[in-house]
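Scroll down for the structure; my scribbles are underneath it.
Take a look at the structure:
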């Protein structure tokens, strides 16, 4: 195994090994568990850093192992995967910290953190897989390792949410499996790096490829929560807040969106996809999802549910960017993969803090919460403004590129969709901000806890502040060479390059 | 000379150990331990010989077929021996702690008879896998069936004894049908050797009837719908290590003979319609078994019905491996699936046994609260084994389904694809049902009686083996290539 | 070579098999089923022996004879086992027929009334 | 004439078979079954299969019948529901079964009768190799030389049967018949040694003429059953260790012979040239002991335990299911 391959394996193992070790820890060995968790997260981040620097210097990374006859297990690091890997590794660190604070004194922590680590391993694996079957493998591992997190609380509601989650995602997985086998039958093993494998057969197998594209979208669209496959997402809200953060911002939904990016760019290739006329329907579906999610969000009183429908809507921005032909829209979609992640995780951290500190679960209970918890609310506000797309916060950058890309591609109707969506975003976020900052707090909070000198546990406070700062930085410093935007431009240049 | 020792230890070591364990009951566990060692070494040597020198044939008595009986180790046989050895050894370790004479006199009785019966079963399996003589296979089938029945009856409760008796009746009548087929085949071809039959078998009504009789008997023994009715009560009521052996290995014995008959002895006599009939029954089993599993109230019955469903997949091999393309792919897919199911199901029964035992024998699924915190390792093993049953990557179940799906698409038989996928989803449903119940909070940490770590870890080891078997699939497929039936490899171009 | 009409014997063999199979499916009493299996076995043996006698050699083919002797020994073992197992089932259920599947899959009912006997019996 | 004999014989056989399975009274059915076995043995003789006829008469008819009868008696004695009269009702409608089986019968007849031109079988090959096989009875040559491996596994089946029976339940000793049949004892004193001698003779003659370990074992097994009926040997059975050795010695010797021949000749059960007869006789002698003990103890229907020793039958339900009650 080459050193390059070892690095990739190391990135996977840095969460897998601690995860497995944590399973077998006694419930009371709190210190050891925390240490392992943080150690794994930090090591992973460092390794990802090394990877990014090396790739930037032009080294290529890949690893293949024998897996199925004629079909290896393959890992690799291209620009697309780095984008997702960096996001996941970075947010993983903060989510871990948050989860440690959030779950203090609750039961079954070894089990929880074990699966938590497996979940991130799967996500990183999704990012690093270099062919479809490897992708499928980690995609399914992700499903399986998330389930215990969703049903962690062991309540009846959690069970129902978990079963629904499993039903949706495994059905999607089965459809994806069918698509993967089928395309393998058609083309042989499909590795992501080799572009244009499809060009030769586009005309001869037109219908088959269109059908396959549909299957891929059905399979992956479940995790990306495309309407009408989104039904599991709001129900999965029963999970503890760090899990929601993970599901929405880091792992599951993102893996879905990333998968769509992979299929369109690295399996079909934009040109072949455009020749097959499959992008237009995808764009329409994404637009429908954007509007539908926003409208549903408008009517949710439960904070986490509102955020969940917001996710349904926002993730489709990424899909939309992918589905519109042209580099600018691509940049918008890819950069939103990062931006949506950091914004949404900030929002969920905020929601978790309200619930954990004050017992607030509903929007209607949030009056004056900004005075009781100014730091959390500030972070929450930044996230919300980003979602609406207020300049100069990160969300603005994505929407701007999407808008421009749509116009360049001659799809003006998309601009309308984006405008409507922004209005709707404002309509469901601004009232929250108004309540939080400008209404007077009630005499008693539903269930208040005190945590010494800070407004809440420091482990709950630091993560949202860090991610909120990032939301601002990503927007303000968008033109700097290391920003997500710069990276997205690089990928778009490759995709549409000579 | 080189391979004779391996053949002898494979079959005679467990047989001798069983006899000694009967004479000296106190030595049972040590004899079993020694047998596992001897069989493992013999297996390793046999594998080496096979990979270096190709198919190994031993002429017992020095006569050779047709007058004598041949033993043969080809890729398929060694593949099956691998599974048998691994699971046999694991179950042996598990049983060391499962039956404990110090706990109660009843368990002492069970322990005393478990070892000889277990060792006899083991030698019957090895003998079955190595034999190329269809009459000799009849004797091994009976040896296997009797020991299986008696191991079930060891449980001693009413349900177990009733199930054992029913199984005995079914098994005996199926064997007689098989024997009748053998009689016709012998008359027609003047040999009972599989290899010679391949050259001597001529199409015609008598042989068709003979094959139908033998297949019918074997189908019932391998619990294919509609001959499955005996399986769930038998497998669910046996002691845990026995359930593991039955589901993982015993039902596969008769399936293995079917493979030998259909693809080796009589490939020219099999019509596509017959293959499709078996495939159709297999598909029905996949769906029907899974639906039944889904609605069971008892954990072990759920697992047993899951066996009915999973065995159905194996029969998809018959139409697919007779298709015009992708024959070897289907063949290897079915067999990798078999191997993975064996490990996964053994792990599942062992871990279910742990859970049930810790609950003092209660195994209602509705009462599994707190399973994940009280028996974390067993729950984990159950879940991992479940992944393989569902067919999630990188499990062996995935590899097997992948190959079957490839073969199905290559042969243009898309309907089997649908069956495989729907079956996977149903499997997910019943596995999830158990795990979801297991994740509910225990009201009070019940009066759990702790299990020996050896029992927990044996189950986990098998589950890990099943869940990671995808990575072994290339090696396993290469192994299956050695001496694979000629019909599987199309003359022009190799297997895909 | 003594003359005999093998067709008669073959038909008789087929008849024994069919009668045995019929009784096996139609009757539920343990002993009848065990008898049925034995009759079926005799039918199979008759087919084998008839064929061996039909061969053209100076003596009948000894291979099927050996097979049948093996088969007879296997059958008596099977009979012995089945009888004892049947007696056990009768002792536990008080019935001489296999009960319905549904009944057998519910095992919990059997436990309470057997637990004390168990100790009684097993104590040396 | 012979044709007529065959026809009558076979018609009676089929009718007896039907009767034995469908007679309203199980006891009569079982008696019919024993008679059936004897007639089938006659048929074997007609088909020039004297070895099989011997085995059938001793094992297939005699011992099987004895086993079933004694089980029937025990079951009736125990029975809360005495065996119900005939036609207790099956799971599948009888007409359907009837139609299906008729079809099966026709198929079987069709297939079997169509085997008009068959190959020669293995007679010539078997005879050609007979001088090297160490025995002159071709059936014994097949059983203990050509296909000795089958026989090895068959001896394993016998051991398995006894292990199984012992694992299932404790023996119910047959009631003491000595008092009700005063003449039995003197009779047994003559019959038993004769049977044992006959068994040894049948074993010995088996190398050249019809006979062999199984037939001899069956005779000796019959003697064993008579001994048990006569109330002998209960004390002997107390030595359970010796009993177990006797039950397993056949298999042990066979395995030892397999390993020994493998070491000597390189192939399992390939006897050293010129000594095949000796090896075969040694294996057969050990097998005979085990077969006799196994058949006799199968009749006992359970493991002989000290608890039951000397005392009359333990007729309660408890006593009969004892050992199998573990969990």
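Protein chains in written order, with our numbering: chain A, 1 to 498; chain B, 499 to 994; chain C, 995 to 1118; chain D, 1119 to 1445.
Virtual Cβ for every residue (Gly too), placed ideally from N, Cα, C.
Those residues which DSSP pairs with residue i across a bridge
i               : result
residue 567(B)  : 558(B)
residue 76(A)   : 62(A)
residue 1421(D) : 1288(D)
residue 451(A)  : 454(A)
residue 88(A)   : In DSSP, residue 88(A) forms no bridge with anything.
residue 191(A)  : 131(A)
residue 1164(D) : According to DSSP, residue 1164(D) bridges with nothing at all.
Proximity test, Cβ basis, 9 Å: residue i and chain C
i               : result
residue 1472(D) : Given that chain D is displayed from residue 1119 to residue 1445, the structure contains no residue 1472(D) and the question cannot be resolved.
residue 1125(D) : yes
residue 1373(D) : no
residue 1196(D) : yes
Delimiting residues of the alpha helix (DSSP H) encompassing residue i
i               : result
residue 1446(D) : Nothing can be reported for residue 1446(D): it is not among the residues displayed for chain D, which extend from 1119 to 1445.
residue 832(B)  : 825-856
residue 728(B)  : From DSSP, residue 728(B) is part of no alpha helix (DSSP H); its letter is neither H nor E.
residue 583(B)  : 573-596
residue 208(A)  : 206-221
residue 1232(D) : Segment: none, residue 1232(D) is in no alpha helix (DSSP H) and carries neither H nor E.
residue 795(B)  : First-last for residue 795(B): undefined, no H or E at that position.
residue 1241(D) : 1241-1251
residue 515(A)  : For residue 515(A) there is no data in the structure shown, the boundaries of chain A being 1 and 498.
residue 339(A)  : 327-353
residue 487(A)  : 484-496
residue 631(B)  : Unbroken run through residue 631(B): none, as it is neither H nor E.
Min CB distance residue i to chain B below 9 Å
i               : result
residue 1070(C) : no
residue 300(A)  : no
residue 1237(D) : yes
residue 1192(D) : no
residue 1064(C) : yes
residue 1087(C) : yes
residue 137(A)  : yes
C-beta neighbour in chain A for residue i, strict 9 Å
i              : result
residue 499(B) : The predicted model places residue 499(B) with a pLDDT of 44, which falls under 50 and marks its position as unreliable; any figure quoted below should be read in that light. No, residue 499(B) lies away from the interface with chain A (no Cβ there is under 9 Å from its Cβ).
CB contact check: residue i to chain D, cutoff 9 Å
i               : result
residue 610(B)  : yes
residue 543(B)  : no
residue 1096(C) : Only weak support is given to the placement of residue 1096(C): the predicted model assigns it a pLDDT of 42, under 50, and the question is left unresolved by the model.
**Message:** Any contact between the stretch 47-58 of chain A and the stretch 131-141 of chain A? By contact I mean 3 or more CB pairs, one from each, below 8 Å.
**Reply:** no
**Request:** For the stretch 1025-1048 of chain C, enumerate the residues whose C-beta is nearer than 7 Å to any C-beta of chain B, in chain order.
**Result:** 1027, 1031, 1034, 1035, 1038, 1041, 1042, 1045
**Message:** Does the stretch 1364-1372 of chain D come into contact with the stretch 1404-1424 of chain D, if we say contact requires no fewer than three beta-carbon pairs (one atom in each stretch) closer than 8 Å?
**Reply:** yes
**Asked** Between the stretch 711-730 of chain B and the stretch 1254-1265 of chain D, do at least 3 Cβ pairs fall closer than 8 Å?
**Response** no
**Message:** Does the contact criterion of 3 or more C-beta pairs under 8 Å hold for the stretch 1033-1046 of chain C versus the stretch 653-660 of chain B?
**Reply:** no
**Prompt:** Do the stretch 676-683 of chain B and the stretch 548-561 of chain B touch if we need at least three Cβ pairs shorter than 8 Å?
**Reply:** no
**Message:** Taking 8 Å as the cut-off, does the stretch 186-205 of chain A touch the stretch 113-122 of chain A (at least 3 CB pairs, one atom from each stretch)?
**Reply:** no
**Selection of the stretch 46-68 of chain A by Cβ proximity to chain B, strictly under 9 Å** = 65, 66, 67, 68
**Prompt:** Pairing CB atoms from the stretch 162-169 of chain A with CB atoms from the stretch 143-150 of chain A, are three or more of them under 8 Å?
**Reply:** yes
**chain A contacts made by the stretch 895-907 of chain B, where a contact means CB separation under 9 Å** = 896, 897, 899, 900, 901, 903, 904, 906, 907
**Asked** Is there contact between the stretch 1274-1288 of chain D and the stretch 607-616 of chain B, where contact requires at least three CB pairs shorter than 8 Å?
**Response** yes
**Request:** Mind checking the stretch 384-402 of chain A against chain B and listing, in chain order, the residues whose C-beta falls within less than 7 Å of any C-beta there?
**Result:** none
**Item:** Residues from the stretch 906-935 of chain B in contact with chain A, defined by Cβ distance under 7 Å
**Value:** 907, 908, 915, 919, 922, 923, 926, 930, 934
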